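One structure is given below, encoded as structure tokens.
2 protein chains.
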Amino acid sequence: MLAIERRNKILEKLQTDKKVVVSELSHDFDVSEETIRRDLEKLEKDGYATKTYGGAVIKENSNAELPFVVRKNTNVAGKQQIAKLIGSMIRDGDQIMLDASSTAVFVAQNIKNKKNITVITNSVEVLIELADVSGWKILSTGGTMREGSLAFVGHQAEKMLSTFHVGKAIVSCKGLDPVRGLTDASESFAQLKKTMIDSASKKILAVDSSKFDKISFTEIGKIHDVTMIVTDKEPSEKWKQVFNAEGVVCVYPGMTWKTELQ
Amino acid sequence: MLAIERRNKILEKLQTDKKVVVSELSHDFDVSEETIRRDLEKLEKDGYATKTYGGAVIKENSNAELPFVVRKNTNVAGKQQIAKLIGSMIRDGDQIMLDASSTAVFVAQNIKNKKNITVITNSVEVLIELADVSGWKILSTGGTMREGSLAFVGHQAEKMLSTFHVGKAIVSCKGLDPVRGLTDASESFAQLKKTMIDSASKKILAVDSSKFDKISFTEIGKIHDVTMIVTDKEPSEKWKQVFNAEGVVCVYPGMTWKTELQ
DNA sequence: TATTTCTTCTTTCAATGGCCAGCAAGGCAA
DNA sequence: TTGCCTTGCTGGCCATTGAAAGAAGAAATA
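Chains as they are written, first to last, in numbering that gives the first Met the number 0: chain A, 0 to 261; chain B, 0 to 261.
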């Protein structure tokens, strides 16, 4: 493993867990604790973390994402499954919003065979993916391009979204927790996803199983704010009860689900 | 195996694995590590990768992933020259608008070394080109994506442009005629370029020599509506007189031009 | 509170291995 | 042939890593 990979992974862990422990990382990556400390030192110097006794915590005001890419599309198979499920819910003529996430790109790939769709997105990658379909109406939010992420954020983008109302919004998040709800790594993304949810009749949360029981940085909304949660694995009993209590439908591959949900 | 073949294979591996390791590649291709390093150096110089200790990681956002878009890009050398001239007019801290044209992409490439630039554009290709610069403010107009062109048009885009005022707007056109002025192939593009011109103090028209004495479909504006015309060849006497009469400066490679124009 | 004990941190040193520059050999086209 | 490009090699340099030892911090106990 390249050193830079390790540091990226540490940063990723830092963003989902908000803190890391030297001894754990040393064990996980099978390198000495000194090496981990040096990694954390570097992350601190770059403004991503604050070292503490025994580990490090994420620097709150740093809304920077992964600096040197390698945002490795983790769990591609799972995201494909999610995209397929969501694809089966989209009907010809639908108007949808797609956020900037890898899952959104998979969803875009999956619905290219539909007719006469209107898509509103803040993701440049989704735009490129859909550039060659014909007969669709593809709208971009515009706004400020977030450094290193090929996505638009900011007031301009939110304002544009709020002038529309669509049938379905498909959003994702970095962490899902029964109490804290949906959380994401940056304030600006969270705000934008919130706006998308507010602008749609059916609010679909696309979230792969690795995000369950994680809490990220900023709150997007509570679980009952969405209409439906689409994931790639059957959730635990505990989570099923949570979804039941919150009045949210959870869809996963292999389940039998009612047609009217579509 | 040819060197270029090897480099292509490395690039492929880079795109699937997101990273490559020098020692592995050296073994796989049965060449020395020095050769691999030189390959990676080249890939880095071409913008596909970022070298790190022990290997390299992919540089996402590189326009390598652009789909189809078989833009035939005529007169590349000429457009490069135009881009270079325009690049020399941009100063650190400038705020500029760039339209959706191949020349605009070349301009974007040419000014990446500047500091603290604000760019407003309706071109997805320009956005991608600039995705990896840091410290800039990159704004997208948003709006409707024009089918088959990776650019935004429409009311939304124009409205966004008109809420800003910048120092320089760089626009192009499909035809230039002494009487009909600047013309373009589509109403929506013409309208948008007009808005860009109205929103800038210095209006720079980038137009290669093949567009002279051509008339396209819709009028963008008259020749005297722009401040400066940048082209790739010295215009004829007739055209020089036109520019003189209209009070427009014409800049081309090899001419001696006053510093205050910059 | 003071003291002890355990953990973690910092500093220093050495080893490993990758990196770079320069050189020379071979291949290829003009 | 000459010139240019690619490749491999060498030697010095530098980045990364781990070990060790002492300092500093946290926690537990008296």
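Ideal Cβ placement from N, Cα and C applies to all residues, glycine included.
Computed from a prediction, not measured in an experiment: that's the story for all the values here.
Close partners of Lys136 of chain B in chain A (Cβ separation under 7 Å): Thr143. With fewer than three CB-CB distances shorter than 8 Å, the segment 88 to 99 of chain B does not count as touching the segment 206 to 223 of chain B. Counting the other Cβ atoms within 10 Å of the Cβ of Gly141 of chain B gives 16 or more, which makes it buried.
Spanning the alpha carbons of Glu32 of chain A and Lys12 of chain A requires a straight line of approximately 17 Å. For Glu43 of chain B, the uninterrupted alpha helix (DSSP H) segment begins and ends at 32 to 44.
Val229 of chain B is positioned such that its CB atom lies closer than 8 Å to that of Leu204 of chain B. For Tyr47 of chain B, the nearest beta carbon of chain A is not closer than 8 Å to its own beta carbon. Proximity to Asn109 of chain B across B:Gly174, B:Gly180, B:Ser101, B:Lys83 peaks at B:Lys83, based on C-alpha coordinates. Take the alpha-carbon of Ile196 of chain A and the one of Thr182 of chain A: they are about 14 Å apart. Comparing C-alpha distances from Val20 of chain B to each of B:Asp38, B:Ile169, B:Ala103 shows the shortest one belongs to B:Asp38. Remark: C-beta atoms of Ser215 of chain B and Gly77 of chain B do not approach each other more closely than 8 Å.
Between Lys192 of chain A and Val206 of chain A, the CB-CB gap reaches or exceeds 8 Å.
The C-beta of Thr217 of chain A has 16 or more other C-beta atoms within 10 Å across all chains shown, which makes the residue buried. The residue among A:Phe188, A:Ala199, A:Lys44, A:Pro177 with its C-alpha nearest the C-alpha of Ile119 of chain A is A:Ala199.
Proximity of the segment 100 to 109 of chain A to the segment 126 to 141 of chain A meets the contact definition, three or more beta-carbon pairs being nearer than 8 Å.
In the structure shown, the three-state DSSP call for Val132 of chain A is coil. Listed along the chain, the chain A residues whose CB falls inside 9 Å of the CB of Val123 of chain B are Val123, Leu126, Ile127, Ala130, Ser139.
Taking 8 Å as the upper bound on Cβ-Cβ separation, chain B lies near residues Glu146, Gly147, Leu149, Phe151, Gln155, Ala156, Met159 of the segment 145 to 167 of chain A.
Rounded to whole angstroms, Gly180 of chain A and Glu233 of chain A show a C-alpha spacing of 19 Å.
B:Asp98 is the residue among B:Gln80, B:Lys210, B:Lys201, B:Asp98 whose C-alpha sits nearest the C-alpha of Ser148 of chain B. Using a Cβ-Cβ cut-off of 7 Å, Ser187 of chain A is close to nothing in chain B; its nearest Cβ partner there is about 14 Å away. The three-state reading of DSSP puts Met254 of chain A in coil, since its state is none of H, G, I, E or B. Burial is judged here by how many other beta carbons sit within 10 angstroms of a residue's own beta carbon; Thr194 of chain A has at least 16 and is buried. Chain order gives no chain B residues near Ser31 of chain A, where near means a beta carbon separation below 7 Å; the closest approach is about 17 Å. Taking the beta carbon of Glu4 of chain A as reference, the chain B residues within 7 Å of it are Lys18, listed in sequence order. Distances from the alpha-carbon of Ile137 of chain A to those of A:Lys201, A:Arg5, A:Thr143, A:Ser122 put A:Ser122 closest. For Met195 of chain A, the enclosing alpha helix (DSSP H) stretches over residues 186 to 197. Sequence-distant partners of Gly54 of chain A (beyond 5 residues in either direction) whose C-beta falls short of 7 Å from its own C-beta, in its chain, are Lys18, Val19, Val20, Val21.
DSSP, read as helix, strand or coil, puts Ala99 of chain B in coil. In the assembly as shown, Thr49 of chain B is a buried residue. Its beta-carbon has 16 or more other beta-carbons within 10 Å. The contact set of Thr51 of chain B on chain A, defined by CB atoms closer than 9 Å, consists of Leu1, Ala2, Ile3, Glu4, Phe67 in chain order. Here Glu157 of chain B is buried: its Cβ has 16 or more other Cβ atoms, across all protein chains shown, within 10 Å.
Within the DSSP bridge table, the entry for Asp176 of chain B names B:Gly180 as partners. Distance between Lys167 of chain B and Gly153 of chain B, taken at the CA atoms: about 22 Å.
In the three-state reduction of the DSSP assignment, Met159 of chain A falls in the helix class, which pools H, G and I. Asp176 of chain A and Lys213 of chain A do touch by the CB rule: their CB atoms are close to 7 Å apart, below 8 Å.
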